[in-house]
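The structure appears right after this line, and notes come after that.
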Amino acid sequence: MRDFNGGEWIVEALKLFEQSPVLRRMFYAVVIVGLLWGIAEVLPGVAQLIGVLNG
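Following numbering that gives the first Met the number 0, the residues of the sequence shown are numbered contiguously, the last one being 54.
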């Protein structure tokens, strides 16, 4: 077993990410779900702000 330091661990993870299409798809799916969840949390506040500005 290799003893990775912090920099080596990051390099190895990036190599794995580059070589694995499944890992990339999983990462992109998590990012998209996170963005959609964040947008869903912000939308009611934006709608309320628009209502205040129009009223």
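The beta-carbon is built from N, C-alpha and C at its ideal position, and this holds for glycine as well. As the structure is a computational prediction, the values presented were derived from the model and not from experiment.
Residue i to residue j span [Cα, whole Å]
i   : j   : result
G33 : G54 : 32 angstroms
P20 : I31 : 16 angstroms
A12 : F26 : 12 angstroms
G6  : Q18 : 19 angstroms
R23 : F16 : 6 angstroms
G44 : N4  : 44 angstroms
L52 : A46 : 10 angstroms
A39 : G50 : 17 angstroms
Residue i in three-state terms, based on DSSP
i   : result
N4  : coil
G33 : helix
G50 : helix
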